[in-house]
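Chemist: Under full-length UniProt numbering, the first residue of the sequence shown carries the number 1, and numbering increases by one thereafter.
The beta carbon of each residue, even a glycine, is placed where N, CA and C say it ideally should be.
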Amino acid sequence: MRSRGFWRNGHSIPWELLGSTRSTGASATGVSSQTARRFTTTAPKLDKAENDKPSKNPRAPVPKLTHVSDSGAAHMVSIAAKAITSRVATAACTVVFSNPTAARLIRENQMKKGDVLGVARVAGIMASKKTSELIPLCHPIPISRVSVDLAVSSDHPLGGEGEAAAAAAVVEVSATVECDGKTGVEMEALTAASTAALTVYDMCKAVDKGMRIEGLRVVLKDGGKSGRWVEGGRETPPTASGTE
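#1: With C-beta atoms as the reference, is residue 275 less than 7 Å away from Ala-196?
#2: Are Met-203 and Met-111 close, meaning C-beta to C-beta below 7 Å?
#3: Can you tell which of Lys-182, Asp-180, Thr-176 and Val-207 has its C-alpha closest to the C-alpha of Ala-192?
#4: Check whether the Cβ atoms of Ser-98 and Gly-210 lie closer than 7 Å to each other.
#5: For Thr-40, does the count of other Cβ atoms within 10 angstroms reach 16, so buried, or fall short, so exposed?
#6: Please state whether DSSP places Val-148 in a helix, a strand or coil.
#7: Residues in the same chain with beta-carbon distance under 7 Å from Pro-100, minus the five sequence neighbours each way, listed in chain order, please.
#8: DSSP on Cys-138, reduced to helix/strand/coil?
#9: What do you reckon, are the CB atoms on Ser-144 and Cys-179 nearer than 7 Å?
#10: Going by C-alpha distance, which of Ala-89, Val-88 and Leu-105 is nearest Lys-205?
#11: Would you please state the rounded distance, in angstroms, between the beta carbons of Gly-232 and Gly-184? I believe it to be under 8 Å.
#12: With DSSP as the reference, identify every bridge partner of Pro-100, one or two as the case may be.
#13: Mind checking which residues open and close the alpha helix (DSSP H) that includes Val-116?
#14: Exposed or buried, what is Ala-81 when buried is set at 16 or more other beta-carbons lying within 10 Å of its beta-carbon?
#15: Between Leu-137 and Lys-130, what straight-line distance do the alpha-carbon atoms span, to the nearest angstrom?
#16: The alpha helix (DSSP H) spanning Glu-188 covers which residue range?
#17: What first and last residue would you give for the beta strand (DSSP E) that runs through Asp-222?
#18: What residue from Arg-212, Met-76, Val-88 and Lys-113 has the CA that sits closest to Glu-172's CA?
#19: Can you list, in chain order, the residues of its chain whose CB lies under 6 Å from that of residue 271, leaving out five sequence neighbours each side?
#20: Which one or two residues does DSSP pair with Ser-86 in a beta bridge?
Below you can see the structure in the form of structure tokens.
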């Protein structure tokens, strides 16, 4: 059985012996340029892993967790070289009641444990000053001002439209912390707001076992290299270092 190849002067030349480039293959065998092109060796494909590597752009630093060292161990970030600036942060959350009884008793100051909003306000202020004792890697900060505000509302929207729309009685909590320091006070504001909400829960649980605390978040921070940030959009762009 004849092997497949190129025939010339009664002899079969195997395809693998043909030249691998257009010029060599055409001159050695007499094949047409079109035939030679069919057997031209193409450039090897790059490995997929090479293609997937991100481009090296020194202008776009990769974000990383500052509280984790290169070895993966948790540590307290050094703020020794940072400048002292005025800083402020506001955090908020909501205590949602499952029935209107608690909200009514709070308004009438009829809770057995006393003034719910007043006690919760003081609890939030006290908690903000203890933040570094509760959060392991949080720096102790000389707080200059703490403000905790609570308000009862009976028409907090729960979703739905038209006749299906539902509302609930809630306590809206907001906490603002200020300081002149080397790092921000977001954690102090979050601790104040969450502790105030927990205090409301504690003082109302006798009449409402179905309460829930939701939406704990920072809604504003200002000061430091990252500038001013407000929930929903950053008003001042951060610096290239991205440090707080």
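Modeler: On the basis of the data shown:
#1: Residue 275 lies beyond the range of the chain shown here (1 to 244); nothing can be said about it.
#2: When the beta-carbon positions are compared, Met-203 and Met-111 come within less than 7 Å of each other.
#3: Thr-176
#4: Yes, these two residues count as a Cβ contact at 7 Å.
#5: Because the pLDDT of Thr-40 is 49, which lies under 50, any placement of that residue in the model is unreliable, and the number read from its coordinates should be weighed accordingly. Thr-40 is exposed by the Cβ-count criterion.
#6: strand
#7: Ser-154 and Ala-169
#8: It is coil, neither helix nor strand.
#9: Less than 7 Å separates the beta-carbon of Ser-144 from that of Cys-179.
#10: Leu-105
#11: In fact, because the Cβ distance is near 19 Å, the residues do not count as touching under 8 Å.
#12: For Pro-100, which the question treats as bridged, DSSP gives no partner whatsoever.
#13: 116–128
#14: exposed
#15: 13 Å
#16: 186–204 is the span of the alpha helix (DSSP H), which, as asked, contains Glu-188.
#17: 212–222
#18: Arg-212
#19: Because the chain here runs from 1 to 244, residue 271 falls outside it and cannot be looked at.
#20: Asp-180
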